[in-house]
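Here the structure comes first, spelled out in structure tokens, and everything after it is commentary.
Printed below as a string of structure tokens:
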């Protein structure tokens, strides 16, 4: 009921403010999505979904490293810095959460290393 | 505190985000250590927001918005170092005044709150929710939409009274309801990152290249000269902070506005005068102390930071409310002591923080954003070692981003999520006590007072307009 009331109010408000309204332009919409910024948002969401799906199988270290590497690559960080920063981030997170606070972080395919 | 300085000083990253990110780390500490960490982070982040506000004209946190006006103008006049010194000292003094008020007022209010029954708590929670919806940025309607969304999310999980699962879709994870902390991390962490990701040309660059300095010359004399301004701004900030939903940002703007109105030099405000820096910076840190008053006394968050704190306290097994002053008096005293000590540390760490920012602003923003993304993911997972919480964080991140685009404020959603169970629980127990009658909700004095306050909150403007129209028409 509240949503219906608020929605109606917003629609009425929208119609009462005629100036500055633009028609829906789907070509413009596609062009704006196709830019690096919005694409990076979709990639970020997809990577977090991959993290959720594959963390148990691949393990925290591998999964986080891959996610970080792709994110940094997408965000334009040079390759060498990317490799170093990703490794530092993963080791730091593993040290803080896994070792210091003894939170269970799945080791996945690196199980044999006893890391 | 260092994290607070770090996050608060990066434009776009808020104090709420800093607290949301630090909370997962605190669950494995003792409650007081965790709360001390949260307090330190929040105070430092609010101060650090003034650094880019002064040098870049970009507020580090929303609470630094008002400090831009005169702080940046002072920098343009070559008095940036004095502005920063005033920022730091006024933040510390404002914080100390705010905490002192908290220490004296909270126990008195707690004694009064012991008289509250379910009827009063119901209206108090509804009042807190209404305030957040009305005060937040954007229209009242958008505030109500956000608040209702929060209430809707709060209904997910097992019904406390009947034990019946609601909106769980046979998912065992949803039986316990929506995880509050992952939702907060998503709303305030991930959604902020999404906003910055949209600006790829901008976010590769360092934030600033010039050297930032601080000078304490003549600060003492200025503080003495404007002692009443500091005191007044800190008190205003504290009172506004104590209103549910009104945080440090509103406190800073209101105290700046009042200082300008009252001042003999009101026409010089905005041109780079010291009063224009002192008023908002004293108020925003003092407001933090104010936000803890309703949080500790009634269990109602004063702003988004205390909303996270309440969630964290519940996970520590603590129940905020008037009884905490009796059952956990030792812990409450420890919180007060830590809050006072953190102000002294703010002076030292803030000074180092300003020095650090010359180097920190040179760090590319995209690396920091990637760090926040992975910390949000791991932080939400670490709470219960649950990947489901990561999904919740992601969903709320997307929702928060969409809400930001639509101009719908986020704080009412969070308050709805926290206060929803409190409202429902007290309404149901109250109805059971009164044999299904709604009358006691309106006939008890405190309940009635809260009800009138809620009506005034929502319909105050039209009522005043109608009265004025009536008087004008009848020429009274």
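Protein chains in written order, with this note's numbering: chain L, 13 to 127; chain S, 56 to 531. Here a beta-carbon is modelled for each residue, glycine too, at the ideal position from N, C-alpha and C.
Within 10 angstroms of the Cβ of residue 461 of chain S, are there 16 or more other Cβ atoms? Answer buried if so, exposed if not.
Here residue 461 of chain S corresponds to residue number 406 of the second chain, with the count starting at 1. With fewer than 16 Cβ atoms within 10 Å of its Cβ, residue 461 of chain S is classed as exposed.
Skipping 5 residues on each side, what residues in its chain have a beta carbon closer than 6 Å to that of residue 451 of chain S?
Along the second chain, read from residue 1 onward, the residue named residue 451 of chain S stands at position 396. Residues 238, 241, 242 of the same chain have their beta carbon placed closer than 6 Å to that of residue 451 of chain S, with the five preceding and five following residues left out of the count.
Should residue 96 of chain L go down as buried or exposed, given a rule of 16 or more other Cβ atoms within 10 Å for buried?
For the purposes of this step, residue 96 of chain L is taken as residue 84 along the first chain, with counting starting at 1. Residue burial annotation: residue 96 of chain L is exposed, with fewer than 16 other C-beta atoms found within 10 angstroms of its C-beta.
Assuming the contact rule is C-beta atoms closer than 8 Å, residue 162 of chain L and residue 71 of chain L should be a hit. Round their C-beta distance to whole Å, please.
As displayed, chain L neither begins before 13 nor continues past 127, which places residue 162 of chain L out of reach and without an answer.
Cβ of residue 456 of chain S within 8 Å of Cβ of residue 201 of chain S?
Working through the second chain from its first residue, we reach residue 456 of chain S at position 401. Working through the second chain from its first residue, we reach residue 201 of chain S at position 146. Taking a C-beta distance under 8 Å as the contact criterion, residue 456 of chain S and residue 201 of chain S do not qualify as a contact pair.
When DSSP labels each residue in this structure, what does residue 305 of chain S get in the three-state scheme?
Counted from its first residue, the second chain places residue 305 of chain S at position 250. Residue state, collapsed to three classes: helix.
Compare the C-beta of residue 249 of chain S with all C-beta atoms of chain L and state if any pair is closer than 8 Å.
Here residue 249 of chain S refers to the residue found at position 194 when the second chain is read from its first residue. Yes - at least one Cβ of chain L is within 8 Å of the one on residue 249 of chain S.
Residue span of the alpha helix (DSSP H) that contains residue 480 of chain S, given as start and end:
As a first step, residue 480 of chain S is located in the second chain; it is residue number 425 there, counting from the start. 466-488 is the extent of the alpha helix (DSSP H) around residue 480 of chain S.
Could you please give me the residues that DSSP links to residue 213 of chain S through a beta bridge?
Reading the second chain from its first residue, position 158 is the one you call residue 213 of chain S. As a beta-bridge residue in DSSP terms, residue 213 of chain S pairs with S:220.
Compile a chain-ordered list of the residues in the stretch 440-454 of chain S whose CB is closer than 9 Å to at least one CB of chain L.
When C-beta distances to chain L are compared with 9 Å, the residues of the stretch 440-454 of chain S below that value are 440, 442, 443, 445, 446, 448, 449, 452, 453, in chain order.
Select from the stretch 369-381 of chain S all residues with a C-beta closer than 8 Å to any C-beta belonging to chain L, and list them in chain order.
For chain L, none of the residues of the stretch 369-381 of chain S brings a beta carbon within less than 8 Å of one of its beta carbons.
Helix, strand or coil at residue 388 of chain S [DSSP, three-state]:
For the purposes of this step, residue 388 of chain S is identified with residue 333 of the second chain, where counting begins at 1. It is helical.
Listing by chain order, which chain S residues have their CB less than 7 Å from the CB of residue 97 of chain L?
By 1-based counting over the first chain, the position of residue 97 of chain L is 85. Taking the beta carbon of residue 97 of chain L as reference, the chain S residues within 7 Å of it are 422, listed in sequence order.
To which residues of the same chain is residue 311 of chain S closer than 6 Å at the C-beta, ignoring the five residues directly before and after it?
Position 256 of the second chain holds residue 311 of chain S. If the five residues before and after residue 311 of chain S are omitted, its C-beta is found closer than 6 Å to the C-beta atoms of 121, 334, 335, all from its own chain and listed in chain order.
Counting only beta-carbon separations shorter than 8 Å, does residue 163 of chain S have a partner in chain L?
Translated into positions along the second chain, residue 163 of chain S becomes position 108. No, its Cβ sits nowhere closer than 8 Å to a Cβ of chain L.
Short of 7 Å in beta carbon distance, which residues of its chain neighbour residue 145 of chain S, apart from the five on each side in sequence? Order them along the chain.
As a working note, residue 145 of chain S is residue 90 in the second chain. Excluding sequence positions up to five before and after residue 145 of chain S, its CB lies within less than 7 Å of the CB of 285, 333, 336, 337, all in the same chain and listed in chain order.
For the stretch 59-80 of chain L, list every residue whose C-beta sits within 9 Å of some C-beta in chain S, in sequence order.
For the stretch 59-80 of chain L, the residues whose beta carbon sits under 9 Å from a beta carbon of chain S are, in order, 59, 60, 61, 63, 64, 65, 67, 68, 72, 76, 79, 80.
Please state whether DSSP places residue 80 of chain L in a helix, a strand or coil.
Translated into the one-based positions of the first chain, residue 80 of chain L becomes position 68. Looking at residue 80 of chain L - three-state DSSP - the assignment turns out to be helix.
The stretch 156-163 of chain S contacting the stretch 336-352 of chain S, beta-carbon criterion three pairs below 8 Å
Yes, the stretch 156-163 of chain S touches the stretch 336-352 of chain S.
According to DSSP, is residue 320 of chain S helix, strand or coil?
Here residue 320 of chain S is taken as the residue at index 265 of the second chain, counted from 1. Correct three-state label for residue 320 of chain S: coil.
Helix, strand or coil, according to DSSP, for residue 272 of chain S in the structure here?
Here residue 272 of chain S corresponds to residue number 217 of the second chain, with the count starting at 1. The three-state reading of DSSP puts residue 272 of chain S in coil, since its state is none of H, G, I, E or B.
Within 8 Å (strictly less), CB to CB, does residue 261 of chain S reach chain L?
By one-based count along the second chain, residue 261 of chain S stands at place 206. Low confidence applies here, because residue 261 of chain S scores a pLDDT of 49, under 50, leaving its location unreliable; read the following figure in that light. When Cβ-Cβ separations below 8 Å define contact, residue 261 of chain S makes no contact with chain L.
Beta carbon proximity, residue 429 of chain S to chain L, threshold 8 Å
Reading the second chain from its first residue, position 374 is the one you call residue 429 of chain S. Contacts with chain L at 8 Å (Cβ-Cβ) include residue 429 of chain S.
Looking at the C-beta of residue 83 of chain L, does it have a partner C-beta in chain S at a distance below 8 Å?
Residue 83 of chain L sits at position 71 when you count from the first residue of the first chain. Closer than 8 Å to some Cβ of chain S, the Cβ of residue 83 of chain L qualifies, so yes.
Residue 528 of chain S, buried or exposed, once every other Cβ within 10 Å from all chains shown has been counted against 16:
One-based indexing of the second chain puts residue 528 of chain S at position 473. Its Cβ having fewer than 16 others within 10 Å, residue 528 of chain S is exposed.
Whole-number beta carbon distance between residue 400 of chain S and residue 56 of chain S, since they are thought to touch under 8 Å:
Indexing the second chain from 1 puts residue 56 of chain S at position 1. Indexing the second chain from 1 puts residue 400 of chain S at position 345. Rounded, the Cβ-Cβ distance is 6 Å, consistent with contact.
Check whether the Cβ of residue 16 of chain L lies closer than 8 Å to any Cβ atom in chain S.
As a working note, residue 16 of chain L is residue 4 in the first chain. Output row for residue 16 of chain L: interface = no.
Taking just the CA atoms, how far does residue 84 of chain L sit from residue 68 of chain L?
Working through the first chain from its first residue, we reach residue 68 of chain L at position 56. Working through the first chain from its first residue, we reach residue 84 of chain L at position 72. Their backbone Cα atoms lie some 23 Å apart in a straight line.
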